[in-house]
Amino acid sequence: MKTNGESCGFRDVALWVGLYRVALGFMWFDQALQKAPWIIGPEGKPYGWLYGYIWKEINNPTFGFYAEFLKNILLPNFGFFGFTTFVIEMAIGCSLVFGILVPLIGGLGGTVMQLNIAVGSYKIPGEWFWLWPLLIGSHIIFMMGRGGRRVGLDGLISKTLARSPNAGGKLQHILQYLV
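Residue 131 is where the sequence shown starts when you use the numbering used here, and the numbers rise one by one after that.
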């Protein structure tokens, strides 16, 4: 059986996972750009529809403690959290589209963000609650399967690291696990 770093033509699973990873990365770009700082939402707040969506999460809480966090900590600091959300979603999109540091950013970061969204939106009427396990599962596959090594820069980095295994010291040792 071929490994993640070897090509086996049209039926190369790693190739298709890589292409799916890129498509999901463009989804993250789309979602981030809808919440960009320069997009003013219907409530007159920056970050697009994010402010109104947080109120939907507060009014339809999955967990009371989470709604209290949103109301008492996030909303009073909405500018900080809105900007942080935008930057993190753009970073996840970049990681997935370019295949760079996928286990850490696109994999772990995407998993944590999707878990956060799932917890907040599970009880909102009309939300597709079954979508979150599919998206979370995708990010776990990218993380555990080192999804950036095909159709991504992680593959080039891992090959470079393999050519000189003792050259980079601790940084190289850590980087092996991040690509």
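Think of the CB as a built atom: it goes at the ideal place given N, C-alpha and C, for glycine as much as any other residue.
Close CB contacts of residue 252 within its chain, under the 6 angstroms cut and outside five residues either way in sequence, are with 192, 259 (chain order). Within a 10 Å sphere around the beta-carbon of residue 153 sit fewer than 16 other beta-carbons, which makes this residue exposed. In the displayed model, residue 170 falls within a strand according to three-state DSSP.
Nearest to residue 176 by alpha-carbon distance, out of 306, 183, 245, 166, is 166. Under the Cβ criterion (8 angstroms, minimum of three pairs), the segment 266-275 counts as touching the segment 234-248. Cβ neighbours of residue 172 within its own chain (closer than 7 angstroms, five residues either side excluded): 182. Nearest C-alpha to residue 268 among 233, 186, 250: 233. Per DSSP, reduced to three states, the secondary structure at residue 191 is coil, with no helix or strand assignment.
The shortest CA-to-CA distance from residue 261 to any of 270, 293, 244 is the one to 244. A distance below 7 angstroms between beta-carbons, with the five flanking residues on each side excluded, links residue 149 to the following residues of its chain, in chain order: 281. Counting along the chain, residue 270 sits inside the alpha helix (DSSP H) bounded by residues 261-274. Per the coordinates, the alpha-carbon of residue 288 lies some 29 angstroms from the alpha-carbon of residue 216.
Taking the CA atoms as reference points, residue 230 sits about 26 angstroms from residue 210. Bridge partners of residue 176 according to DSSP: 170. Only exposed fits residue 143, as fewer than 16 other CB atoms lie within 10 angstroms of its CB. Residue 250 sits close to residue 187, with the two beta carbons spaced by under 8 angstroms.
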